[in-house]
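So the sequence shown is residues 1 to 326, counted in this note's numbering.
Virtual Cβ for every residue (Gly too), placed ideally from N, Cα, C.
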Amino acid sequence: MIEDFWRKWADPNERLKWIQKLITEKPRHPFAFLWRNESWAGVAARRNLIGLKLKRDEPLRQRLIKGIISEQYPKGGFRSSVGWTGLRLLQLSELGTHFDHPAIQKALEWLHNRQDYDGCLLENPRIPTAYPSLWGEELRFPPMAVGVTAFTLCGVLRWDRESSWVKRAVLWVAKQIAESKNICCRSCAVHAIHALSLSHHESLLVRLAIERLLDWFAEHQDEKGEWFSFPDSAFAILFGLGVCPAPEARWQIAKALPILAAMQFSDGGWGRSFRAEKTWLVTKALIFHELLDAFLDLTERCPWLVRPKEWLEKLPPSLDEPSAAV
Numbered sequence: 001m002i003e004d005f006w007r008k009w010a011d012p013n014e015r016l017k018w019i020q021k022l023i024t025e026k027p028r029h030p031f032a033f034l035w036r037n038e039s040w041a042g043v044a045a046r047r048n049l050i051g052l053k054l055k056r057d058e059p060l061r062q063r064l065i066k067g068i069i070s071e072q073y074p075k076g077g078f079r080s081s082v083g084w085t086g087l088r089l090l091q092l093s094e095l096g097t098h099f100d101h102p103a104i105q106k107a108l109e110w111l112h113n114r115q116d117y118d119g120c121l122l123e124n125p126r127i128p129t130a131y132p133s134l135w136g137e138e139l140r141f142p143p144m145a146v147g148v149t150a151f152t153l154c155g156v157l158r159w160d161r162e163s164s165w166v167k168r169a170v171l172w173v174a175k176q177i178a179e180s181k182n183i184c185c186r187s188c189a190v191h192a193i194h195a196l197s198l199s200h201h202e203s204l205l206v207r208l209a210i211e212r213l214l215d216w217f218a219e220h221q222d223e224k225g226e227w228f229s230f231p232d233s234a235f236a237i238l239f240g241l242g243v244c245p246a247p248e249a250r251w252q253i254a255k256a257l258p259i260l261a262a263m264q265f266s267d268g269g270w271g272r273s274f275r276a277e278k279t280w281l282v283t284k285a286l287i288f289h290e291l292l293d294a295f296l297d298l299t300e301r302c303p304w305l306v307r308p309k310e311w312l313e314k315l316p317p318s319l320d321e322p323s324a325a326v
């Protein structure tokens with residue numbers, strides 16, 4: 001039975017039939033929302049989570065890639081900002097841009113030139129260190145905060161893990177986390193653990209930093225599964241823990257499943273705004289930690305854990321978004 005399933009899953013035509021049947025039978029499944037969405041996150045989900053490179057998506061994918069690259073300055077940076085350049089590298093990766101594309105190479109070289117001698121990535125002094133997160137929240141970092149380098153690495157590491165300058169940046173982030181007296185904020189922490197997990201760096205320093213971050217997140221998760229006593233913090237935390245292979249990350253996400261179910265809308269999506277991005281982020285974390293089936297079982301056993309779709313027309317977007325990072 002299992003072998004038959006994977007044989008069918010390997011066939012794109014069989015996978016297409018499976019997903020079409022799934023979204024008809026289970027309209028609350030996250031794939032049902034992501035299947036319909038026309039955004040970079042929707043395209044990324046269909047390509048990378050569902051595994052289908054659809055002909056219908058290709059014109060949109062090419063327009064999105066062209067639109068992002070059109071923002072690139074001649075020297076290689078996006079908006080002359082290390083943070084914005086890292087964000088655009090992340091999006092271009094999820095959209096399936098080829099590694100040899102000149103825009104990718106120019107961006108990586110530009111970031112290399114923005115690196116300080118100790119490994120951190122220096123933002124242009126004239127550029128505010130405030131960046132949009134993937135889940136729609138504005139993130140504000142102090143100019144020399146570990147979060148600036150970590151935020152940028154979340155995009156860089158999707159393209160390059162082996163270059164010496166990238167490894168120096170990873171070790172700088174790990175050193176700041178492992179040796180600092182306190183972890184400064186949630187935004188720095190989630191991007192640090194995301195970047196350190198993506199790096200696959202095997203040094204003791206990186207492992208110690210990841211362990212400290214996991215402990216810090218655990219300390220800020222209550223018995224109900226909420227982090228920082230605020231349900232919508234889950235989107236930020238899932239961005240960090242969603243790529244961390246440590247068992248402790250999986251345990252925390254499993255503990256939060258009832259909260260995630262209660263925050264999901266009946267159409268399968270999450271959030272009042274930036275819905276595709278939030279749904280992509282949650283679904284990706286659940287798949288990475290093999291918790292999607294457990295989540296679906298929970299929603300079937302507890303169907304009252306849901307937000308009616310009608311709320312989307314009644315709730316103002318401001319209730320869905322914190323004004324700034326915690």
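In summary, Gly51 is exposed, with fewer than 16 beta-carbon neighbours lying within 10 Å of its beta-carbon over all protein chains present.
Beta-carbon to beta-carbon, His112 and Trp165 are separated by about 5 Å, close enough to satisfy the 8 Å threshold.
For Tyr131, DSSP records a beta bridge to Leu139. Boundaries of the alpha helix (DSSP H) around Glu25: Pro12 to Glu25. Around the CB of Cys244, 16 or more other CB atoms lie within 10 Å, so the residue is classed as buried. Take His220, set aside five residues on each side of it, and the residues of its chain with a beta-carbon closer than 6 Å to its own are Trp227 and Phe228, in chain order. Non-local beta-carbon contacts of Thr97 in its own chain, meaning distances under 7 Å to residues more than five positions away in sequence, involve Ile65 and Ile104 in chain order. By the neighbour-count criterion, in which 16 or more other beta carbons inside 10 Å mark a residue as buried, Gly67 falls on the exposed side. DSSP places Ile237 inside the alpha helix (DSSP H), whose first and last residues are Ser233 to Leu241. With respect to the 9 Å criterion, Gly225 and Pro30 are not classified as neighbours on the basis of their beta carbons. Excluding the 5 residues flanking it on each side, Ala256 has same chain C-beta neighbours closer than 7 Å at Gly225 and Ala234, in chain order.
A Cβ-Cβ distance of about 16 Å is found for the pair His289 and Ala261, leaving them out of contact under the 8 Å criterion.
Following the DSSP letters along the chain, one finds Trp280 inside the alpha helix (DSSP H) bounded by residues Arg275 to Phe288.
Separation of the CB atoms of Gly240 and Phe151 is rounded to 11 Å, and the pair is thereby denied contact status at 8 Å. For Ser266, no pairing in a beta bridge is given by DSSP. Counting only runs of at least 3 residues, the stretch 144-232 fully encloses no beta strand (DSSP E) element at all. Membership of Leu121 in any alpha helix (DSSP H) is not indicated, and neither H nor E is assigned to it by DSSP. The stretch 45-60 makes no contact with the stretch 294-305; the number of CB pairs closer than 8 Å stays below 3.
Taking the CA atoms as reference points, Pro258 sits about 34 Å from Glu202. Taking C-beta atoms as the reference points, Gly119 and Ala192 fail to come closer than 9 Å. For Gln62, the uninterrupted alpha helix (DSSP H) segment begins and ends at Glu58 to Ile69.
In the DSSP assignment, no residue is bridged to Arg88.
Spanning the alpha carbons of Glu162 and Cys154 requires a straight line of approximately 15 Å. Of Pro12, Lys26, Glu223 and Lys314, the smallest CA-CA separation from Asp293 is found for Lys26. The Cβ-Cβ distance between Ala276 and Leu34 falls below 9 Å. For His194, the closest of Trp40, Arg158, Asn124 and Thr279 by C-alpha to C-alpha distance is Arg158. Distance between Ala285 and Leu296, taken at the CA atoms: about 14 Å. Under the DSSP assignment, Ile253 falls in the alpha helix (DSSP H) whose first and last residues are Pro247 to Lys255.
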